[in-house]
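Under the UniProt record's numbering, read the sequence shown as residues 1 to 116, first letter to last. Worksheet for the structure shown next.
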Amino acid sequence: MGEDDPDRFLSRLFWSTFYHEHPYRYPVIGYRTLFEELTREDLLDYYHRMYRPNNIILVGVGDFDSQTALAHIKEVFADFERGSLPPVYIPAEPEQLGPRRAEREFEVKQIYLLMA
């Protein structure tokens, strides 16, 4: 997904080079294989584990009556039960002890360069 777009390709190459352990190394939307292997049961399991009132932030923007909206929200979410959430584990990135560099050839008419 986006492999034919030089900007996206460069961004993904950058993040995967810069981060070796942290989840930032992955594309925000994930990899195509994830979507190809994901089942309906996987999605439902995730939904039931993570979509809890104690893990949801609801934002409303626009021209509406807040009291009416709040009443409707309470009605819609009345049956949602609070639940325990799995702990969030984000691995620490090891100290970078030297420069990192990545180069790829890409059939384009201009040079793309990203430095950090």
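C-beta atoms are modelled at their ideal positions from N, C-alpha and C, and glycine is treated no differently. Source: prediction; values computed, not measured.
Let me confirm a value: residue i is counted as buried when at least 16 other C-beta atoms fall within 10 Å, else exposed. Which label applies?
i: Arg82; result: exposed
i: Ser101; result: First, the residue type needs correcting, since residue 101 is Arg and not Ser in the sequence shown. Burial call: exposed.
Which value, in whole angstroms, describes the spacing of the CA atoms of residue i and residue j?
i: Phe77; j: Asp45; result: 19 Å
i: Leu10; j: Thr68; result: 47 Å
i: Glu107; j: Glu41; result: 40 Å
i: Glu103; j: Leu13; result: 9 Å
i: Tyr31; j: Thr39; result: 15 Å
i: Tyr47; j: Pro99; result: 41 Å
i: Pro94; j: Glu105; result: 28 Å
i: Gln110; j: Glu3; result: 17 Å
i: Glu37; j: Met50; result: 20 Å
How would you write the range of the alpha helix (DSSP H) that residue i sits in, first residue to last?
i: Gln67; result: 66-76
i: Arg36; result: At residue 36 the sequence reads Glu, which differs from the Arg that was named. Run containing Glu36: 32-37, per the alpha helix (DSSP H) assignment.
Return the residue from the list the options that minimises the CA-CA distance to residue i.
i: His22; options: Met115, Gln96, Gln110; result: Gln96
i: Met115; options: Pro6, Phe18, Glu3; result: Phe18
I want to know whether the segment 26-33 touches the segment 51-64 - three or more CB-CB distances under 8 Å.
No, the segment 26-33 is not in contact with the segment 51-64.
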